[in-house]
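A.B. asks: Shown below is the structure under consideration.
In our numbering, the protein residues as written are 132 to 437.
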């Protein structure tokens, strides 16, 4: 919404969607309350242990973050989804349908632990950003629905799963996709977001943190958060010099948790563009073990030469 409005203002056009700044849309309930699963996803800052001492070593380069942009062909996206939908005990049957995003996350999770690890009993976390606006509408009146839809600010939650590296390596893609599907369900309801608002109010003024970012350094591999950019309105952002043919994200930060955002290709052919911000070692695993899926984006892909 912000980028589209900015582009419209740059051309002196009326705004197609007026932003809403009504914080009353996110007021806590009286009395408040939340499901225990919210405590599993968020933690007050004061409850975190002190960070481990910084020991600079030769591994620092491997543990430094890098940004890359790949594309995934539509047939690969469809193949991942088909594999994720195969019934675990009977490969010829189809289980409950997993989404393309769930299949992609399962494949990414497995790929991140596909190397040689000395601690296969260590854990690895993967989280998925869930947008809360449409969950909070839930049949409300049209005026309130419009206000929530145009609310200026983040209304997000980050459910996550945590699995042993051994389990992720040994089990099939459809097993991992089922794990992704199950942890994702806990944040897809109106009650979850209402409970999250109440959780924030209960812990106020202390700041909370999604637990996926609070990994135990000696027991876990760095986590990754996936945020779907499938609705990124790249073809609606015109600042006056023509429509863009490509849009992506840059998400640098100081932590070791990774960030991955799949987006639709500007070609409109079902391909995905995937922005990746991961540790160097994780990127090497992706390019070595999943290079047939994650193909580096080049100008030749966007502007093919006849």
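Every residue, glycine too, gets a C-beta built ideally from N, C-alpha and C.
(1) So which of 390, 395, 320 has the shortest CA-CA distance to residue 376?
(2) Which of the three DSSP states, helix, strand or coil, is assigned to residue 372?
(3) Under the assumption that residue 229 contacts residue 212 (Cβ atoms under 8 Å), give the Cβ distance between them as a whole number of angstroms.
(4) Looking at the secondary structure, which residues open and close the alpha helix (DSSP H) in which residue 314 lies?
(5) If you draw a straight line from the C-alpha of residue 319 to the C-alpha of residue 268, how long is it?
(6) From residue 276 to residue 282, what distance separates their C-alpha atoms?
(7) Count the other CB atoms within 10 Å of the CB of residue 288; is the residue buried (16 or more) or exposed (fewer)?
(8) Between the C-alpha atoms of residue 464 and residue 407, what's the straight-line distance to the nearest angstrom?
(9) Taking DSSP as the reference, what is the three-state secondary structure of residue 389?
(10) With a Cβ-Cβ cutoff of 8 Å, do residue 278 and residue 153 count as a contact?
(11) Once you ignore the five residues that flank residue 233 on each side, which residues in its own chain have a CB closer than 6 Å to its CB?
(12) Using alpha carbons as the reference points, say which of 179, 243, 207 lies closest to residue 256.
(13) What do you reckon, are the CB atoms on residue 266 and residue 314 nearer than 8 Å?
(14) Using the DSSP secondary-structure output, state which residues sit across from residue 408 in a beta bridge.
(15) Residues in the same chain with beta-carbon distance under 8 Å from residue 180, minus the five sequence neighbours each way, listed in chain order, please.
(16) Whole angstroms is fine: what's the gap from residue 156's alpha carbon to residue 284's?
(17) Assuming contact is defined by CB atoms lying nearer than 8 Å, are residue 397 and residue 235 in contact in what I supplied?
(18) Nearest to residue 381 by CA position, among 373, 387, 391, 372, is which residue?
(19) How should residue 400 be labelled, buried or exposed, when 16 other C-beta atoms within 10 angstroms of its C-beta is the threshold for buried?
(20) Report all residues from its chain with a CB closer than 8 Å to the CB of residue 342; omit the five preceding and five following residues, and keep chain order.
(21) Under a three-way DSSP split, which group does residue 421 fall into?
(22) Can you grab the Cα-Cα spacing for the pair residue 420 / residue 240, in whole Å?
(23) For the beta strand (DSSP E) that residue 173 lies in, which residues bound it at each end?
(24) Looking only at C-alpha atoms, which of 360, 372, 371 sits nearest to residue 378?
(25) For residue 337, which residues in the same chain have their Cβ closer than 8 Å to its Cβ, ignoring the five residues on either side in sequence?
(26) Starting from residue 128, trace the beta strand (DSSP E) in both directions and tell me its first and last residue.
(27) Straight-line CA distance for residue 330 to residue 262?
C.D. replies: This is what the structure holds:
(1) 395
(2) coil
(3) 7 Å
(4) 304-316
(5) 12 Å
(6) 10 Å
(7) buried
(8) One cannot answer for residue 464 here, as it falls past the ends of the chain, which runs 132 to 437.
(9) strand
(10) yes
(11) 308, 311, 312
(12) 243
(13) no
(14) 198, 390
(15) none
(16) 12 Å
(17) no
(18) 391
(19) exposed
(20) 171, 172, 173, 174, 291
(21) coil
(22) 12 Å
(23) 173-175
(24) 360
(25) 175, 176, 177
(26) Shown here, the chain extends from 132 to 437; a query on residue 128 therefore has no answer.
(27) 17 Å
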